[in-house]
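Engineer: Structure below; questions to follow.
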């Protein structure tokens, strides 16, 4: 009985908070027929925005995955002074409003800042170009991979890793054979979460991108632009693409997960 | 154990080095893209950084300009966003040859930053490319008969206007209402008393002008303070609303300028000349903007209110911003505070309004 | 990539072999890199902002934070975020439990949808929530332009956090202990509280911390749904934006710094709880 009650509560909550809103997006997108969607998504601007979004998101995910795994191992497998400080600092980026992220990055790496000036002289433009947008996206999605795998690493303990070490396995081998299989599903979630956040990021990227149409405009910026010009179908179509990308990547990790592995 | 972490970190190091290199390559790649985009030597790319509302107008204007001799080989990169955001972005290094903004302080910021010449406003139109006025927009057919400023402060009337602190453009609305009721700044007390009553009737203060129009078309409120061009744009996009130009209202003036660091100043100047030409002003007019060049035949007539005043009549932007919109001491900030505290006391958060 | 190859030029075998011979370096190198990465992307930019906020001295900082509208916005934001974190702990854990332990048709679909709030641009999230719970609500639930609207928007954007942190732990959890408890006569609630819950606490706290920090910074979805009325429904992120719009970067930085300090204190506090939880577990 309790089982059905829990199920009912969980599903009702999700119905009102998640399924109805998402259903509404899909309905708004496809309500007027498929042709609108195709027109909206095959415009030159939309295709370019899609490419920019993917480029930025993939960079952010790769960087944060490498960083995330490294930091999660540091936090769970080693001891060092300031560990708790580091642990608290990891989550801090989420607490920064997107507008402030943009402001901070411009103040730090903009053309008229000290560091930004050096980079400019070296021929690298950070702000108002792709690197700045990657930076902003990495910033907002930084904790996600770490937080997804730390609980599992803690739960798993390091007995098996110790055993492998004793048996003469190298660091990389231990990681690949023992640690990685243990955290695989959690790491998959973390990566998808990070990817989803990177795809959907709006505020911080809006500030550092310069919103140049056909150059630094991402799909979320495209959504906003279309919406503000009363082209709601195009806005919703692009939003649906973002949602499908996230769902698709999630399904992919679910499918790739080995069935026999435990 | 430790060696294993060390190993992993070594991998991370290698990865980071690779990504850093690749990022640099990426940046370089982006540069070469913009450089070699044309191929033809005579082709020039201008960057237009503009506020968001005239996007449709500029898209049409660029097409028309490219059909003229002067604009034949000129390509455009465009960026549209909130006026303040765009101005700050250019000040922070966003490449721009032409900047078109919603209100003068956003352009003054670029003059202060040394990016726009001090004499930008010396031309016959004082640097303004388009005009508009603040209007009262209502539901189709105006069921509540809201036509004057006084109608808006009647009890039970809900008025939508954006938050003047998060939207620079929204300050036009507040100043229109203030100026109209303060006898163009002569009777400050009357003007502020009116704003006080008006704010009492405002249930939503969106962060931008377009967002508040969306709130209104979404069903909230009986009237909305908007710009004439916004109301026309909404009507052109099948949004159901009517609007009235009040007898006394403020003239909205939108500045434009070529930047000092433009790599193609001659072409940028040619674009501006086109915007000021009869053909250019006509396209603006078709998109709801009033022409600033006198004597051009746009084929569109805009009603001239009897009591039209400008920001200069109220003392100019810097005086007005200090007096009304300072976050701590500004008259409007104090009025907002008064209402905010009163509302919170009257309806505790435990019982949010239905 | 070239540097590591150069240093290993003498080693005939691949990387694992050289790793085996390498002296243990401890967390030093990895830590250094992690801190460098964190510094470049997060700490340096944030320090620049914080510096702007306190440049004018403690008095100016305090006066910016306690300006009535900023103060009201901070209080609303922190209160709503705390509430959202608590609701998330309960509902998120419950959802994770149902997703891991229950079986019903369509479960895989529900599981897949959980992450969606993340991938949707916040403006779209705000938009659809406004259609569902706004003036013309088809559900006759008009929550728009109230504080309840702020909470709904925040619940939507923070939904995945607790679910996604608790879910993997539940999956990895050894069920032998539960079965042992059952066979010793413990009821389901007692088993949950004594055996399962202690294992979940670190993940729950971690997820709640993420949800809280995400909530205090949220901008796009709340601004549409809240109505952005100063003193009543204006959240801190919008208030900060207003300061930037007024060219008052110092005040904007001060209010953001205040928010950061609170977030940081909460994160440290959660870390303590987490330690306490895992020690008990």
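Chains as they are written, first to last, in this note's numbering: chain B, 145 to 406; chain L, 82 to 435; chain A, -12 to 268. A virtual CB, placed ideally from N, CA and C, is assigned to each residue, including glycine.
1. Would residue 303 of chain L be called buried (16 or more neighbouring beta carbons within 10 Å of its own) or exposed?
2. How would you list, in chain order, the residues of chain L whose beta-carbon sits under 8 Å from the beta-carbon of residue 228 of chain A?
3. Give the interface partners of residue 406 of chain L over in chain A, defined as CB-CB distance under 7 Å, in chain order.
4. Cutting at 6 Å between CB atoms, please list the residues of its own chain near residue 263 of chain B, excluding the five before and the five after it.
5. Give the interface partners of residue 271 of chain B over in chain L, defined as CB-CB distance under 7 Å, in chain order.
6. Report the rounded CA-to-CA distance for residue 195 of chain A versus residue 141 of chain A, giving the unit in angstroms.
7. Are the C-beta atoms of residue 255 of chain B and some chain A residue less than 9 Å apart?
8. Mind listing which residues of the stretch 52 to 64 of chain A have their C-beta closer than 7 Å to chain L's C-betas, in chain order?
9. Around the Cβ of residue 205 of chain A, are there at least 16 other Cβ atoms within 10 angstroms (buried) or fewer (exposed)?
10. Comparing the C-beta of residue 315 of chain L with each C-beta of chain B, is any distance below 9 Å?
11. Starting from residue 129 of chain L, trace the alpha helix (DSSP H) in both directions and tell me its first and last residue.
12. Quick check on residue 269 of chain L: does DSSP put it in helix, strand or coil?
13. Is the stretch 144 to 162 of chain L touching the stretch 303 to 317 of chain L, taking contact as three or more C-beta pairs under 8 Å?
14. Name, please, each residue of chain B whose Cβ falls closer than 7 Å to the Cβ of residue 84 of chain A.
15. Could you check what DSSP says for residue 207 of chain L in three-state terms: helix, strand or coil?
16. Hey, residue 86 of chain A and residue 110 of chain A: beta-carbon distance below 9 Å or not?
17. Return the CA-CA distance between residue 220 of chain B and residue 147 of chain A, expressed in angstroms with no decimal places.
18. What is the DSSP secondary structure of residue 155 of chain L, counted as helix, strand or coil?
19. How about residue 131 of chain A: is its C-beta nearer than 9 Å to some C-beta of chain L?
20. Taking the alpha-carbon positions, what's the residue 164 of chain B to residue 83 of chain A distance?
21. What three-state label does DSSP hand residue 186 of chain A in the structure shown?
22. Are residue 241 of chain B and residue 223 of chain A close, meaning C-beta to C-beta below 9 Å?
23. Quick check on the DSSP output: what are the complete alpha helix (DSSP H) runs of length 4 or more inside the stretch 5 to 91 of chain A, in order along the chain?
24. Any chance the stretch 195 to 205 of chain B sits against the stretch 274 to 290 of chain B, with 3 or more Cβ pairs inside 8 Å?
25. Would you kindly check if the distance between the Cβ of residue 308 of chain L and the Cβ of residue 290 of chain L is under 9 Å?
26. Could you say which of L/327, L/320, L/321 and L/299 lies nearest to residue 306 of chain L if we only look at CA atoms?
27. What residues from chain A crowd round residue 169 of chain B, counting only those whose CB sits closer than 8 Å?
28. Find the nearest neighbour of residue 380 of chain B within the set B/249, B/284, B/322 and B/183, judged by alpha-carbon distance.
29. Just mark residue 279 of chain A as buried or exposed, buried being the case when its beta carbon has 16 or more other beta carbons within 10 Å.
30. Between the stretch 284 to 292 of chain B and the stretch 330 to 338 of chain B, can you find at least three pairs of beta-carbon atoms closer than 8 Å?
31. Kindly list, in the order they appear in chain L, the residues whose Cβ is closer than 8 Å to that of residue 357 of chain B.
32. How would you label residue 153 of chain L, buried or exposed, when you count the other beta carbons within 10 angstroms and need 16 or more for buried?
33. At 8 Å on the CB atoms, spell out the chain A contacts of residue 417 of chain L, in chain order.
34. Considering just the uninterrupted stretch of the alpha helix (DSSP H) at residue 390 of chain L, what are its terminal residues?
35. Decide if residue 195 of chain B is buried, meaning its Cβ has at least 16 other Cβ atoms within 10 Å, or exposed.
36. With a Cβ-Cβ cutoff of 9 Å, do residue 278 of chain L and residue 234 of chain L count as a contact?
Structural biologist: With the given structure in hand:
1. In the second chain, the residue the question calls residue 303 of chain L occupies position 222. Residue 303 of chain L comes out buried.
2. Taking the third chain and counting its residues from 1, the one referred to as residue 228 of chain A is at position 241. Near residue 228 of chain A (Cβ distances below 8 Å), the residues of chain L are 247 and 288.
3. If you number the second chain from 1, residue 406 of chain L lands on position 325. What residue 406 of chain L touches in chain A: 233.
4. As a first step, residue 263 of chain B is located in the first chain; it is residue number 119 there, counting from the start. 270.
5. Residue mapping note: residue 271 of chain B aligns to position 127 of the first chain, counting from 1. Result: 173 and 174.
6. Counting from one through the third chain, the residue named residue 195 of chain A turns up at place 208. Counting from one through the third chain, the residue named residue 141 of chain A turns up at place 154. Answer to the nearest angstrom: the Cα atoms are 13 Å apart.
7. Position 111 of the first chain, counting from 1, holds the residue named residue 255 of chain B. No, residue 255 of chain B lies away from the interface with chain A (no Cβ there is under 9 Å from its Cβ).
8. 54, 55, 56 and 59
9. Reading the third chain from its first residue, position 218 is the one you call residue 205 of chain A. Buried, by the Cβ-count rule.
10. Position 234 of the second chain, counting from 1, holds the residue named residue 315 of chain L. Chain B, which has a Cβ nearer than 9 Å to the Cβ of residue 315 of chain L, makes this yes.
11. Translated into the one-based positions of the second chain, residue 129 of chain L becomes position 48. Segment 125 to 132 is the beta strand (DSSP E) holding residue 129 of chain L; no alpha helix (DSSP H) there.
12. Working through the second chain from its first residue, we reach residue 269 of chain L at position 188. If DSSP states are grouped into helix, strand and coil, residue 269 of chain L belongs with the helices.
13. no
14. Taking the first residue of the third chain as 1, we reach residue 84 of chain A at position 97. Going along chain B in sequence order, the residues near residue 84 of chain A (Cβ under 7 Å) are 150.
15. Working through the second chain from its first residue, we reach residue 207 of chain L at position 126. Three-state result, residue 207 of chain L: coil.
16. Residue 86 of chain A sits at position 99 when you count from the first residue of the third chain. Residue 110 of chain A sits at position 123 when you count from the first residue of the third chain. Not in contact: residue 86 of chain A and residue 110 of chain A (Cβ atoms no closer than 9 Å).
17. As a working mapping, residue 220 of chain B is identified with position 76 in the first chain. As a working mapping, residue 147 of chain A is identified with position 160 in the third chain. Going from the Cα of residue 220 of chain B to the Cα of residue 147 of chain A covers about 23 Å.
18. The count along the second chain starts at 1 and reaches residue 155 of chain L at position 74. It is a strand residue.
19. Residue mapping note: residue 131 of chain A aligns to position 144 of the third chain, counting from 1. Closer than 9 Å: yes.
20. Reading the first chain from its first residue, position 20 is the one you call residue 164 of chain B. Reading the third chain from its first residue, position 96 is the one you call residue 83 of chain A. Approximately 20 Å between the Cα atoms of the pair.
21. For the purposes of this step, residue 186 of chain A is taken as residue 199 along the third chain, with counting starting at 1. Three-state DSSP puts residue 186 of chain A in a helix.
22. The count along the first chain starts at 1 and reaches residue 241 of chain B at position 97. The count along the third chain starts at 1 and reaches residue 223 of chain A at position 236. Against a cut-off of 9 Å, the Cβ pair of residue 223 of chain A and residue 241 of chain B comes out as a contact.
23. 15 to 25, 31 to 41, 44 to 52 and 55 to 88
24. yes
25. As a working mapping, residue 290 of chain L is identified with position 209 in the second chain. As a working mapping, residue 308 of chain L is identified with position 227 in the second chain. It is a contact, given that the beta carbons lie within the stated cut-off.
26. Position 225 of the second chain, counted from the first residue, corresponds to residue 306 of chain L. Looking at the Cα atoms, L/327 is the closest of the given residues.
27. Residue numbering aside, residue 169 of chain B sits at position 25 when the first chain is read from its first letter. Chain A residues near residue 169 of chain B: 107, 111 and 115.
28. The sequence position of residue 380 of chain B within the first chain is 236, counting from 1. It is B/183 whose Cα lies nearest to the Cα of residue 380 of chain B.
29. In this structure chain A extends from -12 to 268, so residue 279 of chain A is not present and cannot be described.
30. yes
31. Within the first chain, numbered from 1, the residue matching residue 357 of chain B stands at position 213. Here the neighbours are 158, 159, 160 and 161.
32. On the second chain, position 72 is the one that residue 153 of chain L refers to. By the neighbour-count rule (16 or more Cβ atoms within 10 Å), residue 153 of chain L is not buried but exposed.
33. In the second chain, the residue the question calls residue 417 of chain L occupies position 336. Correct list: 56, 217 and 218.
34. For the purposes of this step, residue 390 of chain L is taken as the residue at position 309 of the second chain. No alpha helix (DSSP H) holds residue 390 of chain L; the beta strand (DSSP E) holding it covers 388 to 390.
35. Sequence index remark: in the first chain, residue 195 of chain B carries index 51 (1-based). Exposed, since its Cβ has fewer than 16 Cβ neighbours within 10 Å.
36. Translated into the one-based positions of the second chain, residue 278 of chain L becomes position 197. Translated into the one-based positions of the second chain, residue 234 of chain L becomes position 153. It is a contact, given that the beta carbons lie within the stated cut-off.
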